[in-house]
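Colleague:
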Amino acid sequence: MIPASFDYKRASSVAEALDILKGDGDAKILAGGHSLIPAMKLRLSQPSVLVDIAKIPELNFIRDRGKYFAIGAATTHGAVAAHKSVNAKLWWVANAASMIGDVQVRNAGTIGGAIAHADPASDWPAVLLAANASIKVEGTNGSRVIAAQDFFTGFFMTALEEGEIITEIHIPDPTSSDTPDSWRSTYQKFAQPASRFAIVGCAVNLQLSADGTIEQAYVAFNGVDSKAYRATSVEEALVGRTLSDETAAGACDGATAQAELIMSDHYADEVYREHLAKVICKRAISACMYD
Ligand SMILES: Cc1cc2nc3c(=O)[nH]c(=O)nc-3n(C[C@H](O)[C@H](O)[C@H](O)COP(=O)(O)OP(=O)(O)OC[C@H]3O[C@@H](n4cnc5c(N)ncnc54)[C@H](O)[C@@H]3O)c2cc1C
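Residue numbering for the sequence shown follows our numbering, starting at 334 and increasing by one per position.
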């Protein structure tokens, strides 16, 4: 449980961090350290140098930009959970952040670190997929914005290229639309009781017409497949129907249709996890009737 030796550099700006990363292919970004440090202790990761970005001011912010919230990559889960405007306008996102780990994890772990790590059980990927979020990254050749849908590419894998840093996460704010009250959203998870990591998590974001018909549906899962995914079968089964327990039950039969595989570990085998995906899916859609 002792990491291999490494250097440590604290960057004071994104430009400085990019500069250090550019010169060394084995350098690694350090944010909250809650995933990277354990991996280093197990020698699964042996970086030559850690580039600490946790205190870079331009990565530590939450801004309401009208149509979307911009959250700096080094913002902790706890800061998102406690943010007044996020709670007022995207309460389900704040609520999801408040469910991550324990106080210590939430006070050190960052949104950028969580999505760069892309643990299939991590909560943020499903929330960002259902929220239609996008991710801004910067590299030495400039910046680009990647849709969450294209960001999570596999088991602990993302669309990030070598030397790139996640700088901002953009989450659309439906309350800025012409029909601010038409959206119903939630994130529900069945958590492992010690770590609070999701065994299965489901994020649901629905737009309803005045008569309660579902006009748009975004449903995403974590903890099921080797990466978070949008459950388009569930989404298609919801659109055009009235939001009800019966609608939820019918739609959630397709909860794992888009999963490429169902994970199995000592917490939950494949059969149990597949069943749980349907249960949590129904619970999440039903919760949208009351939220
Ligand atoms: C006991 C425990 C319980 C937990 N429970 C949960 C839970 O319930 N739900 C959940 O979702 N997570 C949980 N986590 C994980 C936690 O949320 C981590 O904080 C998160 O996965 C990683 O964020 P970090 O800031 O600590 O990143 P780090 O560990 O510092 O980095 C993780 C990886 O991301 C890279 N990275 C970091 N920031 C950036 C960036 N801006 N751009 C590019 N690459 C970057 C690093 O190089 C590294 O490869 C738990 C962790 C622990 C230890």
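Ideal Cβ positions, reconstructed from N, Cα and C, are used throughout, including at glycine.
Predicted, not measured: the structure shown is a model, and the values here were computed from it.
1. According to DSSP, which residues form a beta bridge with Ile362?
2. If I measure Cβ to Cβ from Val413 and keep anything under 8 Å in the same chain, skipping five residues before and after, which residues do I get?
3. From which residue to which residue does the beta strand (DSSP E) around Val413 run?
4. Which residue's Cα is closest to the Cα of Ser368: Lys469, Gly434 and Arg574?
5. What's the call for Arg398, buried or exposed, on a 16-neighbour Cβ count within 10 Å?
6. May I have the straight-line CA-CA distance separating Val347 from Ala387, to the nearest angstrom?
7. Tyr600 and Gln525 - do their beta-carbons sit closer together than 8 Å?
8. Which of the three DSSP states, helix, strand or coil, is assigned to Gly583?
9. Do Ile547 and Phe402 count as a contact pair if the criterion is CB distance below 8 Å?
10. So is the beta-carbon of Asp456 under 7 Å away from any non-hydrogen atom of ligand 1?
11. Can the beta-carbon of Phe339 be found less than 8 Å from the beta-carbon of Val384?
12. Look at the Cβ atom of Val460, then the Cβ atom of Leu493, and state whether they are nearer than 8 Å.
Modeller: A quick look at the data gives this:
1. Val384
2. Ile395, Ile404, Val419, Val426, Ala427, Ala430 and Ile444
3. Val413 -> not in any beta strand (DSSP E); alpha helix (DSSP H) instead, spanning His410 to Ala415.
4. Gly434
5. exposed
6. 11 Å
7. yes
8. helix
9. no
10. yes
11. no
12. no
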